[in-house]
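Trainee:
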Amino acid sequence: MQLGYSLWAMPDVPIDVSVPHLAGLGYDAVEIVVLPRYTTALAKMDAAERRRIPGLLKNHGLTLSAVNYYTALLEPDPTIWAGHLAAIQETIDLAVEWTQGDEPPVVISGVGGSPGELPARMAEVIDRAGALAEYAARRGVVVALEPHIGAAIETPDLMAEVLDQINSPAIRVNFDISHFNVMGIPITESVEKMLPYTAHTHIKDERGRTPNYEYVVPGEGEFDYVAYLTAMREGGYTGAVSVEISFMVQRRPGYDPLATAAISYDVIAPAFVKAGVQRH
Numbered sequence: 270m271q272l273g274y275s276l277w278a279m280p281d282v283p284i285d286v287s288v289p290h291l292a293g294l295g296y297d298a299v300e301i302v303v304l305p306r307y308t309t310a311l312a313k314m315d316a317a318e319r320r321r322i323p324g325l326l327k328n329h330g331l332t333l334s335a336v337n338y339y340t341a342l343l344e345p346d347p348t349i350w351a352g353h354l355a356a357i358q359e360t361i362d363l364a365v366e367w368t369q370g371d372e373p374p375v376v377i378s379g380v381g382g383s384p385g386e387l388p389a390r391m392a393e394v395i396d397r398a399g400a401l402a403e404y405a406a407r408r409g410v411v412v413a414l415e416p417h418i419g420a421a422i423e424t425p426d427l428m429a430e431v432l433d434q435i436n437s438p439a440i441r442v443n444f445d446i447s448h449f450n451v452m453g454i455p456i457t458e459s460v461e462k463m464l465p466y467t468a469h470t471h472i473k474d475e476r477g478r479t480p481n482y483e484y485v486v487p488g489e490g491e492f493d494y495v496a497y498l499t500a501m502r503e504g505g506y507t508g509a510v511s512v513e514i515s516f517m518v519q520r521r522p523g524y525d526p527l528a529t530a531a532i533s534y535d536v537i538a539p540a541f542v543k544a545g546v547q548r549h
């Protein structure tokens, strides 16, 4: 496996700062976010910048595990959805452009919606995911959708049901176990149900259970990283485990994105060793 870090945690940090910092800390991989809020937004990068970034990653020895354009598949306004679809397709093209080896990085996006509404909107999910799958498959890219607490798809069972109906190798899961942890779903159950569909992962730390929960900096909460990594290893996962720092944490007064990356590494890197996980 690789220990990665999502630049979701660093919306205002230039990539020429974040990449050397993560490499210096010892991370193996990075996830670049291209949403409008970020310094690496699609609209902010010209052709020269897009060509430059792969070299920056290579110079610092970081694998690009994913490109993130997290938006809502179930956006109710068709005009807005058309814009989302175009942006995800552009992100897919960018992933191809940023390919480092034999396979391009995963493209991460979301589902949206509200709990309980999936049955009524299943046809819409299948239709829109199918459009993404068709485009992604032509480009040789995997789109990883993330089940999320408070969304239409918030449990492993619902995610598996949707993916079985989509039935495309181009649509997989970004497995962020934190959403299941705060619902009280055991680590082993989440891993068993999601790993067969998983193309990429996120981990956080958390305290409490829904509705009274919070996401926190790694080391501040209750998540058992060793148990999680052991389960992932035993399940045969060999990809990136990417640390994500939630907006709950980013809204704290005095939030320091660079220091938080260092704290996260110091907590999680030893867990890889304790779990017997080899990094590459």
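Just so we're on the same page, this note's numbering is the position in the sequence shown counted from 1, plus 269.
Idealized CB from N, CA, C, for every residue including glycine.
Because the structure is a prediction, the values reported are computed rather than measured.
In the structure shown, what three-state DSSP assignment does residue 310 receive?
Mentor: Three-state DSSP puts residue 310 in coil, outside helix and strand.
Trainee: How do the segment 325 to 340 and the segment 300 to 313 stand: do at least 3 beta-carbon pairs fall below 8 angstroms, yes or no?
Mentor: Yes: the two stretches touch, three or more of their Cβ pairs being nearer than 8 angstroms.
Trainee: May I ask which residues mark the beginning and end of the beta strand (DSSP E) holding residue 467?
Mentor: Where residue 467 is concerned, the enclosing beta strand (DSSP E) stretches over 467 to 472.
Trainee: In whole angstroms, give me the CA-to-CA distance for residue 398 and residue 282.
Mentor: Looking at the two C-alpha atoms, the distance is approximately 32 angstroms.
Trainee: Return helix, strand or coil for residue 457, following the three-state DSSP convention.
Mentor: DSSP places residue 457 in helix when its eight states are reduced to three.
Trainee: Where does residue 433 fall in DSSP's three states?
Mentor: Residue 433: helix per DSSP, three-state reduction.
Trainee: Along the alpha helix (DSSP H) that carries residue 541, what are the first and last residues, could you check?
Mentor: First-last of the alpha helix (DSSP H) with residue 541: 526 to 543.
Trainee: Tell me whether residue 332 sits in a helix, a strand or coil according to DSSP, three-state version.
Mentor: It is a strand residue.
Trainee: First and last residue of the alpha helix (DSSP H) that includes residue 383?
Mentor: That residue, residue 383, is in no alpha helix (DSSP H); it is neither H nor E in DSSP.
Trainee: Please state the DSSP three-state secondary structure of residue 377.
Mentor: Three-state DSSP puts residue 377 in a strand.
Trainee: Which residue wins for smallest C-alpha separation from residue 483, given the options 457, 495, 521, 508?
Mentor: Of the candidates 457, 495, 521, 508, the one whose C-alpha sits nearest the C-alpha of residue 483 is 521.
Trainee: How close, in whole Å, do the beta carbons of residue 442 and residue 472 come, if the pair is a contact with beta carbons under 8 angstroms?
Mentor: Between residue 472 and residue 442 the Cβ distance is about 14 angstroms, and since that is not below 8 angstroms, they are no contact.
Trainee: Skipping 5 residues on each side, what residues in its chain have a beta carbon closer than 6 angstroms to that of residue 326?
Mentor: Once the five neighbours on either side are set aside, the close Cβ partners of residue 326 are 333.
Trainee: In chain order, what residues of the same chain have a beta carbon less than 6 angstroms from the beta carbon of residue 402, not counting five sequence neighbours either side?
Mentor: The answer, listed in chain order, is 437, 439, 440.
Trainee: Could you tell me which of 320, 293, 279 sits nearest to residue 300, measuring between CA atoms?
Mentor: Nearest C-alpha to residue 300: 279.
Trainee: To the nearest whole angstrom, what separates the beta carbons of residue 384 and residue 359, a pair I think is in contact under 8 angstroms?
Mentor: Rounded, the Cβ-Cβ distance is 30 angstroms, inconsistent with contact.
Trainee: Do three or more CB pairs link the segment 360 to 376 to the segment 414 to 428 at distances below 8 angstroms?
Mentor: With a cut-off of 8 angstroms, the segment 414 to 428 and the segment 360 to 376 do not count as touching, because too few Cβ pairs lie within range.
Trainee: What would DSSP say about residue 498, mapped onto helix, strand or coil?
Mentor: Here residue 498 sits in helix by DSSP.
Trainee: Is the segment 527 to 544 touching the segment 503 to 519 in the sense that three or more CB pairs, one from each, lie closer than 8 angstroms?
Mentor: Yes: the two stretches touch, three or more of their Cβ pairs being nearer than 8 angstroms.
Trainee: Closer than 7 angstroms by C-beta to residue 453: which residues in its own chain qualify, once you throw out the five before and the five after it? Chain order, please.
Mentor: For residue 453, where only same-chain residues beyond five positions count, the Cβ hits under 7 angstroms are 478.
Trainee: Leaving out five residues on either side along the sequence, give the residues of the same chain with a beta carbon under 7 angstroms from the beta carbon of residue 291.
Mentor: Contacts found: 274, 299, 331, 530.
Trainee: DSSP on residue 325, reduced to helix/strand/coil?
Mentor: Helix at residue 325.
Trainee: Counting only the same chain and skipping the five closest in sequence on each side, list residues whose C-beta sits under 7 angstroms from that of residue 295.
Mentor: Excluding residues within five positions, the ones whose Cβ falls inside 7 angstroms are 534, 538.
Trainee: Taking residue 356 as part of the alpha helix (DSSP H), name the residues at either end of that continuous run.
Mentor: That run of the alpha helix (DSSP H) goes 347 to 366.
Trainee: Would you mind sorting residue 475 into buried or exposed? The rule is 16 or more other CB atoms within 10 Å of its CB.
Mentor: By the neighbour-count rule (16 or more Cβ atoms within 10 Å), residue 475 is buried.
Trainee: Report yes if the C-beta distance between residue 500 and residue 460 is below 8 angstroms; otherwise report no.
Mentor: For residue 500 and residue 460, yes; Cβs fall inside 8 angstroms.
Trainee: I need the straight-line Cα distance from residue 527 to residue 427, nearest angstrom please.
Mentor: So the alpha carbons of these two residues sit roughly 36 angstroms apart.
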